[in-house]
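In our numbering, the protein residues as written are 2 to 325.
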C-alpha cells in the first residue's frame, strides 16, 4: 500500500509538473500560426486604424502575420459573437470597452455573456466632446445648462446609441434638464446637423466633430475625458467645468477568451506596452481622435467596471428599461 501511495504521489507530482511546464511554456511557443484581431467596425474607423497600427508592430515581434478582420454590424455583437465562437488563443477582439459597459443594460436578452470576454490591455482612449453650432448663444457647457434649465424642451440633442447616450442622460438627470432627444445611426450626419444648426448640441467622438470644428461650424464646449485633449488643449474637461456627470472615457483595447494562459496574457500585455510606447503610434492614433493610454489587464478591467457602475447608476436614476 505504501509503495502504491508513493507511486501515486510520484505520478501526480510528475503530471502536475508536466502541466505547469506546458502552461509556463505556452508563451514561448506562441504564436504558432497567424493571429487575428476582430474589429466591430468597417475599415477606416478609429478602432480599425488602432488595430492595424498595433498589428503591424506586433507581427514584427511575433514573427507571424497579425490579420485584422472587420465584422461590423449588430451594435458590435456580430464581431463579439465571431470572437467568442472562435474560442482560441490566436483570435482576439479589438474594440471599445463601451460594448461591455452598456450592452447589459440595453438588451433584455443579451446573446453573449460579457464575463466571457477578458480584458488584456487598454490601448487608447477615444476623445469625446460636446459640440454646439459655432454661433450658438452659449459658449460654454455652463451657459448651455443654464439656458436649458430656463427653457425645458426648447433645445435638442443628437443621441447616438451607446456610452455617450447614457452619459448625456446622466447629465440631464443630474442637472434636472429636459432636452429633446433626436436619435441618429449615422454619427457623421449628427455632426453635420450640429454645424448646420438643425441640432443644438451633440456629444460625439472628436474624430466625428473635427471636420466641423476645423471648418468653423462647430465649437467644442467641453471634453468628456478625464484629461484635456492634446488637439483641443483650451477646452475644459467636464470635471473642470463643474459637470462630473458628463465625464466618460472612450476606452479601446484588446480582449481575449477566458481560458487564455496566464503567461501568454502577460506576454501579449508586455508586447502591447512596448509597441504603445512608440511615438509613431501616438501620432497615428492622434489623427483618429485617440490618445495612447496603455493599461494592463487589471487596470483595464477596473476602468471597465467603474464605467459599468456609472452606467448602472444612470439606468437606475432614469428608470431605464431595455428596449432591445
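In this text, a Cβ means the ideal position worked out from N, Cα and C, and glycines have one as well.
Residue i: first and last residue of the uninterrupted alpha helix (DSSP H) it sits in
| i | result |
| --- | --- |
| residue 277 | 263-277 |
| residue 227 | Looking at the DSSP string, residue 227 is not in any alpha helix (DSSP H), and its letter there is neither H nor E. |
| residue 287 | 280-287 |
| residue 84 | 78-87 |
| residue 31 | Where residue 31 is concerned, there is no enclosing alpha helix (DSSP H), given that its DSSP letter is neither H nor E. |
| residue 191 | 188-197 |
| residue 49 | 47-63 |
Residue environment, residue i, which counts as buried when at least 16 other CB atoms sit within 10 Å
| i | result |
| --- | --- |
| residue 202 | buried |
| residue 154 | exposed |
| residue 132 | buried |
| residue 206 | buried |
| residue 288 | exposed |
| residue 271 | exposed |
| residue 182 | exposed |
| residue 309 | buried |
| residue 319 | exposed |
As assigned by DSSP and simplified to three states, the class of residue i
| i | result |
| --- | --- |
| residue 97 | strand |
| residue 114 | coil |
| residue 24 | In this prediction, residue 24 scores a pLDDT of 43, lower than 50, which makes its location untrustworthy; no coordinate-derived value is stated. |
| residue 123 | strand |
| residue 178 | coil |
| residue 149 | helix |
| residue 238 | strand |
| residue 92 | strand |
| residue 233 | strand |
| residue 319 | coil |
Delimiting residues of the beta strand (DSSP E) encompassing residue i
| i | result |
| --- | --- |
| residue 224 | 219-224 |
| residue 1 | Since the first residue of the chain shown is 2 and the last is 325, residue 1 is not available in this structure. |
| residue 68 | 67-71 |
| residue 205 | 202-206 |
| residue 294 | 291-296 |
| residue 38 | 36-40 |
Those residues which DSSP pairs with residue i across a bridge
| i | result |
| --- | --- |
| residue 107 | Bridge partners of residue 107: none, in fact. |
| residue 183 | 159 |
| residue 132 | 203, 221 |
Whether residue i touches residue j by CB criterion (7 Å)
| i | j | result |
| --- | --- | --- |
| residue 277 | residue 218 | no |
| residue 74 | residue 164 | no |
| residue 71 | residue 32 | no |
| residue 120 | residue 231 | no |
| residue 255 | residue 56 | no |
| residue 247 | residue 172 | yes |
| residue 91 | residue 34 | yes |
| residue 209 | residue 193 | no |
| residue 236 | residue 252 | no |
| residue 259 | residue 117 | yes |
| residue 257 | residue 101 | no |
| residue 291 | residue 127 | yes |
| residue 295 | residue 274 | yes |
| residue 283 | residue 293 | yes |
| residue 142 | residue 158 | no |
Residue i at chain C interface by Cβ criterion, 7 Å
| i | result |
| --- | --- |
| residue 87 | The displayed structure is made up of one protein chain only, and chain C is not part of it. |
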